[in-house]
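Step one of this worksheet: look at the structure below.
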Amino acid sequence: MRRQRLLDALTNPMQRLTRYSLLLKAVLKYTVDDIERDIIQDMIVRIEKATRNVEDTLSNNDLINKLNELSRTIEGYEFVDCEEFEKVRKSFFLFY
């Protein structure tokens, strides 16, 4: 008999969220009562919305991490605001 490792036994929370929707859809197939069907359909909509929110959050976190990595590789620059830029530009064009 093959022993499972702990990581194999633990499910990823994201996988668990997607399984709830599948489970509720399976329950819906065999639900006869109209009131219960409406409740289950509402639950499916809510869990799918929650799943999309989690996916969006994870995606945004990945993008933020990539952006932070990229920003660490870029050399710093000296920030010049608009007013300071205008002063430099005007003084430069006075000489030409």
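5 is the number that full-length UniProt numbering gives to position 5 of the sequence shown; each next residue is one higher, with no gaps. The C-beta atom is built at its ideal place from N, Cα and C for all residues, glycine as well.
Where the alpha helix (DSSP H) through residue i begins and ends
| i | result |
| --- | --- |
| T73 | D34 to T73 |
Residue i versus the options, residue with shortest Cα-Cα distance
| i | options | result |
| --- | --- | --- |
| I39 | T51, L24, Q15 and K49 | L24 |
| L17 | L70, L67, V32 and E48 | E48 |
| Y20 | N60, D81 and T51 | T51 |
Open item on the list: Measuring CB atoms only, is the segment 43-55 touching the segment 24-34, in the sense that at least three cross pairs come out at less than 8 angstroms?
Closed with: yes
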